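Beneath this line is the structure, given in structure tokens, with notes to follow.
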Amino acid sequence: MCSINYKVFGTGDKLIVFLHGFGGGFESFAEVAQMLDDRYKCLLISFFESEPEKPLTIFDYYEYVRQVIKMQTANEIIVVGHSFGGRVAIKLAVNNCCDKLVLVDSAGLKPKRGIKYYIKVYTYKIKKKLKLNIEKYGSQDYKTLSPVMKQTFINIVNHYQNKEITKINIPTLIFWGSEDKETPLEFAKTFNKKIKDSRLVVIENCGHFSYLQSKDTFYNCLRSFCGK
Numbered sequence: 011m012c013s014i015n016y017k018v019f020g021t022g023d024k025l026i027v028f029l030h031g032f033g034g035g036f037e038s039f040a041e042v043a044q045m046l047d048d049r050y051k052c053l054l055i056s057f058f059e060s061e062p063e064k065p066l067t068i069f070d071y072y073e074y075v076r077q078v079i080k081m082q083t084a085n086e087i088i089v090v091g092h093s094f095g096g097r098v099a100i101k102l103a104v105n106n107c108c109d110k111l112v113l114v115d116s117a118g119l120k121p122k123r124g125i126k127y128y129i130k131v132y133t134y135k136i137k138k139k140l141k142l143n144i145e146k147y148g149s150q151d152y153k154t155l156s157p158v159m160k161q162t163f164i165n166i167v168n169h170y171q172n173k174e175i176t177k178i179n180i181p182t183l184i185f186w187g188s189e190d191k192e193t194p195l196e197f198a199k200t201f202n203k204k205i206k207d208s209r210l211v212v213i214e215n216c217g218h219f220s221y222l223q224s225k226d227t228f229y230n231c232l233r234s235f236c237g238k
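Okay, structure coming up:
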């Protein structure tokens, strides 16, 4: 397992666990955690501190986070997941590892693909099989990853949680940027429809990092959702 680092802010009976997106770090949630630590214990987990020996799956990350949470003392656990962190948060919610869930521009759903996407995938596979040049395929971020992390990334993005989310039966806050291109607003609406006890908050003129672009609104929504 790759090294995962974590920090704890504040004290209290309620524990808020923050899970960041792929390639990010817990510093992205540090400011809001410090704003909340007067009343809550905040656990910030950082993934990808060092490269794993072998490719990982979403289950590896879920299991590690579950173990870290078990080390904490709390009467109530609220898990906040952004993007990739949302995938892990969904696993925790489905497996009864938390009492409340917050999905922030979360990944995890199977996107709707147009014909152009499938043509591109088919062309890539043919060229790869024929050992032709495939350098132009894949995002710039993906190209810079090591072979182990490339396979980890593939394992993660190909794990869809559309059926899993129907099993979530805890209060859920869905916080989303209206202009999110990476995890479009369609995702938020699907989460809201499929998760019974959920509330959707859409932030206008914000993208994939809505919690940073509208930090005060995110803080207020989170504090209200977590309760006293």
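Quick note, the sequence shown lines up with residues 11 to 238 if you use the working numbering. From the three backbone atoms N, C-alpha and C, an ideal C-beta is built for every residue, glycine too. Remember, predicted model here, so these are calculated numbers, not experimental data.
Would you report the Cα separation of residue i and residue j, rounded to the nearest angstrom?
{"i": "Asn215", "j": "Gly35", "result": "24 Å"}
{"i": "Lys146", "j": "Asp47", "result": "Model confidence at Lys146 stands at a pLDDT of 48, short of 50, so the residue's coordinates are unreliable; what they give is reported in the following sentence. Their backbone Cα atoms lie some 46 Å apart in a straight line."}
{"i": "Ile205", "j": "Thr176", "result": "6 Å"}
{"i": "Ala40", "j": "Leu54", "result": "7 Å"}
{"i": "Val42", "j": "Lys122", "result": "33 Å"}
{"i": "Cys236", "j": "Thr162", "result": "33 Å"}
{"i": "Lys17", "j": "Glu174", "result": "29 Å"}
{"i": "Gly20", "j": "Ile164", "result": "36 Å"}
{"i": "Lys120", "j": "Lys24", "result": "33 Å"}
From the options, pick the residue whose C-alpha is nearest to that of residue i; which is it?
{"i": "Phe94", "options": "Phe19, Lys177, Tyr71, Pro62", "result": "Tyr71"}
{"i": "Leu113", "options": "Lys101, His92, Gly33", "result": "His92"}
{"i": "Ser208", "options": "Asn168, Ile88, Gly22, Ile178", "result": "Ile178"}
{"i": "Arg233", "options": "Phe197, Val98, Lys110, Gly31", "result": "Lys110"}
{"i": "Glu63", "options": "Gly96, Ser38, Val158, Asn172", "result": "Val158"}
{"i": "Ser241", "options": "Ser56, Ser224, Ser60, Gly31", "result": "The structure shown has nothing for residue 241, since the chain only spans 11 to 238."}
{"i": "Phe228", "options": "Val90, Tyr170, Cys108, Glu86", "result": "Val90"}
{"i": "Gly96", "options": "Gln82, Phe185, Gly22, Met45", "result": "Phe185"}
{"i": "Ile180", "options": "Phe57, Met45, Leu102", "result": "Leu102"}
Between which two residues does the beta strand (DSSP E) containing residue i stretch?
{"i": "Leu119", "result": "Run containing Leu119: none; DSSP gives neither H nor E here."}
{"i": "Ser93", "result": "It is not in any beta strand (DSSP E) - Ser93 carries neither H nor E in the DSSP assignment."}
{"i": "Ser208", "result": "208 to 213"}
Residue i and residue j: beta carbons closer than 8 Å?
{"i": "Ile79", "j": "Tyr50", "result": "no"}
{"i": "His218", "j": "Thr193", "result": "yes"}
{"i": "Asp115", "j": "Ser220", "result": "yes"}
Provide the residue span of the alpha helix (DSSP H) that contains residue i, from first to last.
{"i": "Ser56", "result": "Here Ser56 belongs to no alpha helix (DSSP H); instead the beta strand (DSSP E) covers 51 to 56."}
{"i": "Leu222", "result": "220 to 223"}
{"i": "Tyr170", "result": "No alpha helix (DSSP H) holds Tyr170; DSSP gives it neither H nor E."}
{"i": "Leu46", "result": "37 to 46"}
What do you reckon, is the C-beta of residue i under 7 Å from a heavy atom of the ligand SAH?
{"i": "Cys231", "result": "The ligand SAH is not part of this structure, which contains no ligands at all."}
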